[in-house]
Amino acid sequence: MKRVLFGLAIGASAIAMAGCAGSDKSATAATAAPSAMAASASGGGSTKAAATLAAKSGTNTAGRVTFDQQSGGVLVGVLVTGLAPGSVHGFHVHEKGDCSAPDGMSAGGHFNPGGKPHGQMTGGGDHHAGDMNNLTADASGNARVQFLMPAVTVAPGANSVVGKAVIVHKDPDDYRTQPTGNAGGRIACGVIAAS
Ligand SMILES: [Cu+2]
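Numbered per my numbering, the sequence shown spans residues 127 to 321.
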């Protein structure tokens, strides 16, 4: 029964996404039947997901990242703690929801369902769906930011972030080096789950 519903939801969310491209925000409203179906199958009628970040590679980095489906993309809310004051860190959604490795490498490469080159989220042009801009820590070593990710969804589908992982890197992303951005090791990791 649950499996049947899930299959239906994938079809329905594809229709909802197609309808979204050139229209208003009604596709995400509770009154739109396709998205209501997708939400009920993803658990709790939710269009939200979150990841709790835990330290990797011997750091004290931690945090929480929330994902909220909006009409123009997914609104991402970030709070990362335990960084060096003023430091800059690569930050991406990675393809595997597996943070078990002490160095975070179990999360695999960047989430890239479209087979695009790595780049900057706000740089224009094609880039990995999981590319996000660098985090910059404040004087207390915290990074707090909110932005819209245009190329992903919370609802089930090829571009859904649910079941993927968020990674904070040791170094800044140069937005150029393929396919990693040369952002160094992984200092925090969290699996994204529907909430
Ligand atoms: Cu990364």
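Quick reminder that beta carbons are idealized off the backbone N, C-alpha and C, glycines included. Treat the numbers as computed from the prediction; the structure is a model and nothing was measured.
Check, Outcome
"Touching by the beta-carbon criterion (3+ pairs, under 8 Å), the segment 297-314 and the segment 269-281", "no"
"Contact between the segment 172-192 and the segment 205-213 (3+ Cβ pairs under 8 Å)", "yes"
"Own chain residues within Cβ distance below 6 Å of G310, not counting five before or after", "H295, K296, D297"
"Beta strand (DSSP E) runs wholly inside the segment 231-310, at least 3 long, in chain order", "257-262, 269-275, 291-295"
"Residue environment, D299, which counts as buried when at least 16 other CB atoms sit within 10 Å", "buried"
"Integer-rounded CB distance, given that G230 should sit under 8 Å from E221", "The pair is not a contact, with the Cβ atoms about 13 Å apart (cut-off 8 Å)."
"Endpoints, the beta strand (DSSP E) within which I313 is located", "312-317"
"DSSP beta-bridge partners of A177", "V191"
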